[in-house]
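Here is the structure we will look at, set down as structure tokens.
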Amino acid sequence: MMSSTDTNESDVVITPDTMSKFNDTFPHCRQFEFIDRDGPDHSPIYTCKVTINRISYEAKGKNKRDAQKLCAAMALADYNRRPDIFQRYEESSISIPLPSILNEINKNIAYETGIGRLNIDENVRVTLSIDDQIFEGFGPKQQVAKIRAIVETMETLWNFRFQYQTDGQPKVVLSGNALDEVTLPPKEKLQVFKFIVKEYTKDLNARELRFKKEFNINKSIGSGCYGEVYEVENKLERTVYAVKKVKIRFSELMENKLKKKSREIIELARYQHRNIVRYYTSWFEIENPTSNAIEYSTVDDIPCLNMYLQTELCVENLQKWLSRRKVTNSYSYSMEKIMLRDILKALNYLHNERVIHRDIKPSNILIADELGNMVIKLSDFGLAREVNNPCSSAANLTGGVGTIFYAAPEIYSFSYNFSSDIYSLGIVTLELFSDIADSTEKFAEAVRDLTKNRNLPYDLTSKSLYLSDTIKEMTDSDPSRRPTAATLLNSRFLFEDVESANQFTLSQCYEEIRQLNKTIELKNEEIHNLKFELAKYRLKASNILENPFQK
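Take the sequence shown: its letter number 62 is residue 69 in the working numbering, and every next letter is one higher.
Structure (structure tokens):
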């Protein structure tokens, strides 16, 4: 059911950027309706309307454009005054044909088409009869009028919510609050939701129980807001893998969100690199409620969609490794360099593929055991985005992603680039080479001290001047001054051990040469003395030969 706003035309001010602000604030709702034209021909008055989340804003103007601007200004004023009423605007929705949903609720529905109102946008009327009640819908075409009649019916009788997209088409809102507000009887409510899930997933080739049929679960090896990660064994192959289960709740079944969650599948399949976690396959499954109750009671009793990703099994992630290092006190400067070098190799590969990871942090850096050798691998590309323009490393992408402590300053705006990954890795490097991972407070303080005052912990600066300079360069507030992954791979910091080793070897060589030269001098002196002795004996022998009888 539609409602009107309390905001009046006299309460708002139109500015040159009113329409642009409106489009930015309500990007999916730009459908203005022309209501009426009144007044004399030389001075007509136009009435327009825009509806956002069932709230209507109607205004008059000297022309349609002015009326639309005033509608937009009223909506913006309402948004600034009470933004809570627009929360539902961001809620998930599904574009399943509304006649199919209504038919699932009640199959005894009669439609009748007739002449509508005088204006061209509402010249067709469709009436809908259900349980002795009649609802009307108006539109420029029969199908539009029919959909509007269905929306009016579902809003009035059962309190369904709808969201209007750029094309003006209504979609069922599926947030937890919206589902709980639907007033259908519990059994019918569950039946309708099951139908919507089935319809929505029919193109995803979703299977039931594939995970349980093909794998034995050995243990859970990770969990978070994204879902669960399990160590599993394939029943047929007897091979061990990792399977990530991402629960897409019914309230999240929206085209845009599913595309974001599916992005990881698409990205993982492309990457073939020793330092990128190996992807095998993925699939979707419909998971029915765990409760055997027939009646719907809460959102958790609604079927949900699960996305599964099968990857190689890694021993642990860097976050766990850092915690274990703290307990065992097993700090190794050379080992930490090897780990950083592996991460840089993965990042350099991704950046060459024109991909920004956007979520570099210890929990997304995995450690694998390959024939007894530790290999570091990057994982979790749920936030990764490909930059298609090879001429520019910057791209306008979704802002505000990543984990707060590891996120580069520019990531909260709408334009950032590959150096954002370098910043995040700079924070990881800070954590990797010092003991600040011991506590969250210690880590947070160290990050703040670095970003605000450009100071580093003493235990880190005492290790290497090159290391300190490298971290500061990686976390520079100016993205253009940060080094690339390729530059870092050839940095003096990563090769200082080799330089020191070479310098030590050269010193040894010089000492050996000095000692050998000294030995040569001594031997030359011995040779000189021996030659002198030899000359004496030769002279004596010569005298004997000349005077054989001389005594």
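C-beta atoms are modelled at their ideal positions from N, C-alpha and C, and glycine is treated no differently.
Can you round the beta-carbon distance between residue i and residue j to whole angstroms, since I take them to be within the 8 angstroms contact cut?
i	j	result
His280	Ala492	Not quite, the Cβ-Cβ distance comes to about 13 angstroms (not below 8 angstroms), so this is no contact.
Leu457	Leu432	Incorrect: roughly 14 angstroms between the Cβ atoms, too far for contact.
Glu206	Ser107	7 angstroms
Val204	Ile112	Not a contact, Cβ separation roughly 15 angstroms.
Leu501	Lys384	Contact flag wrong, Cβ pair sits at about 19 angstroms.
Gly146	Glu159	Incorrect: roughly 12 angstroms between the Cβ atoms, too far for contact.
Ile42	Thr54	4 angstroms
Val435	Ile363	Not a contact, Cβ separation roughly 16 angstroms.
Tyr248	Tyr287	7 angstroms
Here's the rule I'm using: 16 or more other beta-carbon atoms within 10 Å means buried, otherwise exposed. How should residue i be labelled?
i	result
Val20	exposed
Val505	Because Val505 sits at a pLDDT of 48, beneath the cut-off of 50, its placement in the model cannot be relied upon, and the following sentence gives the value as read from the coordinates. Flag for Val505 reads exposed.
Pro369	buried
Thr494	exposed
Met346	buried
Met81	buried
His535	exposed
Ala276	exposed
Arg545	exposed
Met161	buried
Val179	buried
Ile122	exposed
Tyr465	exposed
Glu40	buried
Asp428	buried
Ser339	exposed
Ala548	exposed
Asn550	exposed
Phe200	buried
Gly379	exposed
Lys153	buried
His49	exposed
Gly46	exposed
Arg285	buried
Asn282	buried
Phe169	buried
Ala117	exposed
Thr163	exposed
What residue range does the alpha helix (DSSP H) around residue i cover?
i	result
Leu135	Taken as a continuous stretch (DSSP letters only), Leu135 belongs to no alpha helix (DSSP H), being part of the beta strand (DSSP E) at Val131 to Ile137.
Asn462	Per DSSP, Asn462 belongs to no alpha helix (DSSP H) and is neither H nor E.
Arg348	Tyr340 to Asn359
Val151	Gln149 to Trp165
Cys78	Lys71 to Arg88
Phe169	Run containing Phe169: none in the alpha helix (DSSP H); it sits in the beta strand (DSSP E), Phe169 to Tyr171.
Thr335	Leu325 to Thr335
Leu105	Leu105 to Ile112
Ala435	Before going on, a small fix: residue 435 reads as Val here, not Ala. Element bounds for Val435: Ser426 to Leu439.
Thr494	Ala492 to Leu496
The ligand FAD and residue i: does any heavy atom of the ligand fall closer than 6 angstroms to the residue's C-beta?
i	result
Thr436	By its list of ligands, the structure shown contains no ligand whatsoever, and the ligand FAD lies outside what it can speak to.
Going by C-alpha distance, which of the options is nearest residue i?
i	options	result
Val57	Leu329, Ile116, Cys78 and Asn550	Cys78
Asp128	Leu164, Asn115, Gln149 and Ile62	Gln149
Phe29	Tyr64, Leu164, Asp48 and Asp43	Tyr64
Ser136	Glu532, Ile157 and Asn126	Ile157
Lys1	Phe440, Tyr287 and Ile367	Nothing about residue 1 can be read from this structure; the chain reaches only from 8 to 558.
Ser289	Leu325, Glu221 and Tyr338	Glu221
Pro51	Ile42, Ile62, Phe33 and Asn70	Asn70
Asp483	Phe450, Asp442 and Pro416	Pro416
Thr443	Leu329, Met381, Ser469 and Phe539	Reading off the sequence, residue 443 comes out as Ile, not Thr. Checked all of Leu329, Met381, Ser469 and Phe539; the closest Cα to Ile443 is Leu329.
Thr246	Phe167, Leu351 and Ile224	Ile224
Phe218	Tyr278, Leu197, Phe202 and Glu240	Glu240
Leu109	Val382, Lys76, Phe202 and Glu119	Phe202
Leu496	Lys530, Glu448 and Leu351	Leu351
Val382	Asp349, Tyr413 and Arg365	Asp349
Kindly indicate the opening and closing residues of the beta strand (DSSP E) around residue i.
i	result
Ser289	Tyr286 to Glu294
Phe39	Phe39 to Asp45
Ser469	Element bounds for Ser469: n/a, residue is neither H nor E.
Gly144	Gln140 to Gly146
Val179	Pro177 to Val180
Asp387	Taken as a continuous stretch (DSSP letters only), Asp387 belongs to no beta strand (DSSP E), as it is neither H nor E.
Val250	Val247 to Ile255
Glu377	Ile372 to Glu377
Ser484	It is not in any beta strand (DSSP E) - Ser484 carries neither H nor E in the DSSP assignment.
Tyr315	Cys311 to Thr318
Ala415	Looking at the DSSP string, Ala415 is not in any beta strand (DSSP E), and its letter there is neither H nor E.
Asn241	Gly234 to Asn241
Ser50	First-last for Ser50: undefined, no H or E at that position.
task: Decide yes or no for the touch test of the stretch 130-148 against the stretch 223-231: beta carbon pairs closer than 8 angstroms, at least 3 of them.
output: Output reads no: the stretch 223-231 does not touch the stretch 130-148.
- request: Assess, as a yes-or-no matter, whether the stretch 312-324 is touched by the stretch 239-258 under the definition of 3 or more beta carbon pairs within less than 8 angstroms.
  value: Contact holds: three or more Cβ-Cβ distances are below 8 angstroms.
message: Using 8 angstroms as the cut-off, can you tell me whether the stretch 371-388 makes contact with the stretch 319-327, which would need three or more C-beta pairs spanning the two stretches below that distance?
response: With the rule of 3 Cβ pairs closer than 8 angstroms, the stretch 371-388 counts as touching the stretch 319-327.
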